[in-house]
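Trainee: Would you mind keeping the following structure in view while I ask a few things?
Protein chains: 2
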Amino acid sequence: MQKYEELLVSLRKVTRAIGLYSKKLSKESGLTSPQLIVLKEIAQHNGCMVKDIAQSINLSSATVTSILDRLEARNYVIRERSLTDKRRVGLHLTEQGKTVIENAPRPLQAHFIDRFEKLQEWEQTQLVSTMQRIASMMDAEDIDAAPLLEVGTLYDVTQSE
Amino acid sequence: MQKYEELLVSLRKVTRAIGLYSKKLSKESGLTSPQLIVLKEIAQHNGCMVKDIAQSINLSSATVTSILDRLEARNYVIRERSLTDKRRVGLHLTEQGKTVIENAPRPLQAHFIDRFEKLQEWEQTQLVSTMQRIASMMDAEDIDAAPLLEVGTLYDVTQSE
DNA sequence: AAAAAATAGTTAGTATACGAATTATTAGAT
DNA sequence: ATCTAATAATTCGTATACTAACTATTTTTT
């Protein structure tokens, strides 16, 4: 097996592990990982837009919309059209949504996080920079389509109401 | 942002890049990455079973079945029930399937592979082992559910006809 | 001010991807 | 020999995830 094939197999294993963990979460807590991540994002940035969430967690708006549909149907989230700019939709947690967040398990790979945090500082850094390197190698010509994002700097300015 | 969050963001970027590349491939060549990977697997192991493919490329049988449905509908693959063990289905390429394979682009991340192969030997090794390490850290209790597989040793014994 | 361009979100259509349940068949236990 | 286990593949239901097309609105250009 070629080296890059080994790498891709490992990658496939990782993404599969993430997916399986999400399914498991869903059975136990009723929420998948992407749903939890979206909820947490809204919790941190109350009133934020769909687009903001999509960018900060690296998903398309369409995907976020469909996740929101489910969260809204279950009464965890409220969509509120902005009055000043009616294109925008502000996202808010319901009381139920807040409760669910508080009791929810970590959104992904709890075991992974545990293990990761037990590593030496330099090892952590090394894993992160290797992943970032692989990500940048994958980018190729899609670079412009996936603008670098500084998570955390997106929400300083209020964007609805 | 925590270190492990950065790592997960990179990971999400990588999986997204893979997905986007697959979509692009699909538009250009008519086949997605998973479809191409399955085709190549069959090309290498003519007559192999659904389960073998699922294991060697790290997918569930259900997923492989649905990929095969599309490949069969397009006349790239033939399913042939084994006579000696009627549970088994042997997979074969049609002439069209063989042609398509020959002219097909690399199944994933061509740019990635290019770049990867330009790296120094030790750098390649480092990327691979880091990915493998992350994969094993993700495994946790799913280890038994994902038995280690030695790709290439699965097909020595003929299993159909 | 009217036309064109940009933006936000949704919808439609398709393809992964999974577990659980189902069907058919084979292998193993009593 | 028969009843039970295990195995192989499929079907079913659900959730991601994407692009392209669409609607509604706002901004920019002319």
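Residue numbers (our numbering), protein chains in the order written: chain Z, 167 to 327; chain B, 167 to 327.
Where a beta carbon is used, it is the ideal one built from N, C-alpha and C, also for glycine.
Keep in mind the model is a prediction, meaning the values are calculated, not measured.
Can at least three beta-carbon pairs, one atom from the stretch 258-265 of chain Z and one from the stretch 285-294 of chain B, be found at a separation below 8 Å?
Mentor: Contact between the stretch 258-265 of chain Z and the stretch 285-294 of chain B is absent, because fewer than three Cβ pairs lie under 8 Å.
Trainee: At least one CB of chain B closer than 8 Å to the CB of L314 (chain Z): is that the case?
Mentor: With a pLDDT of 30 at L314 (chain Z), under the threshold of 50, the modelled position of this residue cannot be trusted, and the question is left open.
Trainee: In the DSSP output, what is V243 (chain B) paired with across the bridge?
Mentor: V243 (chain B) is bridged to B:L259.
Trainee: Just the C-alpha distance for I244 (chain Z) and Y170 (chain B), rounded to the nearest angstrom, thanks.
Mentor: About 30 Å.
Trainee: Considering only residues of the same chain and omitting the five flanking positions on each side of V230 (chain B), which have a CB-CB separation below 7 Å?
Mentor: Closer than 7 Å at Cβ, skipping near neighbours: V204, V216, I219, A220.
Trainee: For A306 (chain B) and chain Z, any beta-carbon pair shorter than 8 Å?
Mentor: Below a pLDDT of 50, predicted positions are generally treated as unreliable, and A306 (chain B), at 49, falls in that range; the measurement from the model is reported next regardless. Answer yes: the Cβ-Cβ gap between A306 (chain B) and chain Z drops below 8 Å somewhere.
Trainee: I'd like to know if the stretch 249-258 of chain B and the stretch 277-289 of chain B are in contact, where contact means that at least 3 CB-CB pairs between them fall below 8 Å.
Mentor: Because the criterion of three Cβ pairs below 8 Å is not met, the stretch 249-258 of chain B and the stretch 277-289 of chain B do not touch.
Trainee: Take S227 (chain Z) and list the residues in its own chain whose beta-carbon comes closer than 8 Å to its own, dropping the five residues that flank it on each side.
Mentor: Cβ neighbours of S227 (chain Z) beyond the five flanking positions: V216, K217, A220.
Trainee: For chain Z, find out if any of its Cβ atoms is closer than 8 Å to the Cβ of L177 (chain B); answer yes or no.
Mentor: Yes - at least one Cβ of chain Z is within 8 Å of the one on L177 (chain B).
Trainee: Which value, in whole angstroms, describes the spacing of the CA atoms of K179 (chain Z) and L191 (chain B)?
Mentor: Distance between the alpha carbons of K179 (chain Z) and L191 (chain B): 22 Å.
Trainee: Shortest alpha-carbon distance to S199 (chain Z) belongs to which of Z:T181, Z:N212, Z:H211?
Mentor: Of the candidates Z:T181, Z:N212, Z:H211, the one whose C-alpha sits nearest the C-alpha of S199 (chain Z) is Z:T181.
Trainee: Should S232 (chain Z) be labelled buried (16 or more other beta-carbon atoms within 10 Å of its own) or exposed?
Mentor: Under this definition S232 (chain Z) is an exposed residue.
Trainee: Let me see if you follow: with CB-CB separation under 8 Å, is I279 (chain B) close to chain Z or not?
Mentor: Yes, contact with chain Z.
Trainee: Let me know the secondary structure DSSP gives G213 (chain B) once reduced to three states.
Mentor: In this structure, G213 (chain B) counts as coil in the three-state DSSP scheme.
Trainee: For T296 (chain B), which three-state DSSP category applies?
Mentor: Here T296 (chain B) sits in helix by DSSP.
Trainee: Indicate whether at least one CB of chain Z lies closer than 8 Å to the CB of N212 (chain B).
Mentor: Cβ-Cβ to chain Z under 8 Å: no for N212 (chain B).
Trainee: Starting from the Cα of F278 (chain Z), find the closest Cα among Z:S176, Z:I184, Z:M167 and give me that residue.
Mentor: Comparing Cα positions, the closest option is Z:I184.
Trainee: Where do the ends of the alpha helix (DSSP H) carrying D251 (chain Z) lie?
Mentor: Here D251 (chain Z) belongs to no alpha helix (DSSP H), and DSSP marks it neither H nor E.
Trainee: Check each candidate in B:V175, B:H258, B:D280, B:H211 and name the one with the smallest Cα separation from S222 (chain Z).
Mentor: It is B:V175 whose Cα lies nearest to the Cα of S222 (chain Z).
Trainee: If you measure from the beta carbon of Y169 (chain Z) to each beta carbon in chain B, is any gap under 8 Å?
Mentor: According to the sequence provided, residue 169 (chain Z) is Lys. The question's Tyr does not apply to it. By this cut-off, K169 (chain Z) is an interface position.
Trainee: Within a Cβ cutoff of 7 Å, which residues of the same chain sit near Y242 (chain B), ignoring the five residues on either side of it in sequence?
Mentor: Cβ neighbours of Y242 (chain B) beyond the five flanking positions: L205, L259, T260, Q262, G263, V266.
Trainee: Once DSSP output is grouped into helix, strand and coil, what is the label at P200 (chain B)?
Mentor: Looking at P200 (chain B) - three-state DSSP - the assignment turns out to be helix.
Trainee: Please report how far the alpha carbon of D305 (chain B) lies from the alpha carbon of S188 (chain Z), in whole angstroms.
Mentor: Roughly 13 Å between the two C-alpha positions.
Trainee: Could you tell me how far apart the beta carbons of R272 (chain Z) and M303 (chain B) are, in whole angstroms, since I believe they sit closer than 8 Å?
Mentor: That pair is no contact at about 15 Å.
Trainee: What span of residues does the alpha helix (DSSP H) with S188 (chain B) cover, start to end?
Mentor: Here the alpha helix (DSSP H) through S188 (chain B) covers 169-195.
Trainee: Please check if any C-beta of chain Z sits within less than 8 Å of the C-beta of N269 (chain B).
Mentor: No, no contact with chain Z.
Trainee: Could you please tell me which residues of the stretch 180-206 of chain Z, in chain order, have their CB closer than 9 Å to any CB of chain B?
Mentor: Going along the stretch 180-206 of chain Z in chain order, one finds V180, T181, R182, A183, I184, L186, Y187, K190 with a Cβ nearer than 9 Å to chain B.
Trainee: So, L237 (chain B) versus M297 (chain Z), is the Cβ gap smaller than 8 Å?
Mentor: No. Outside cutoff.
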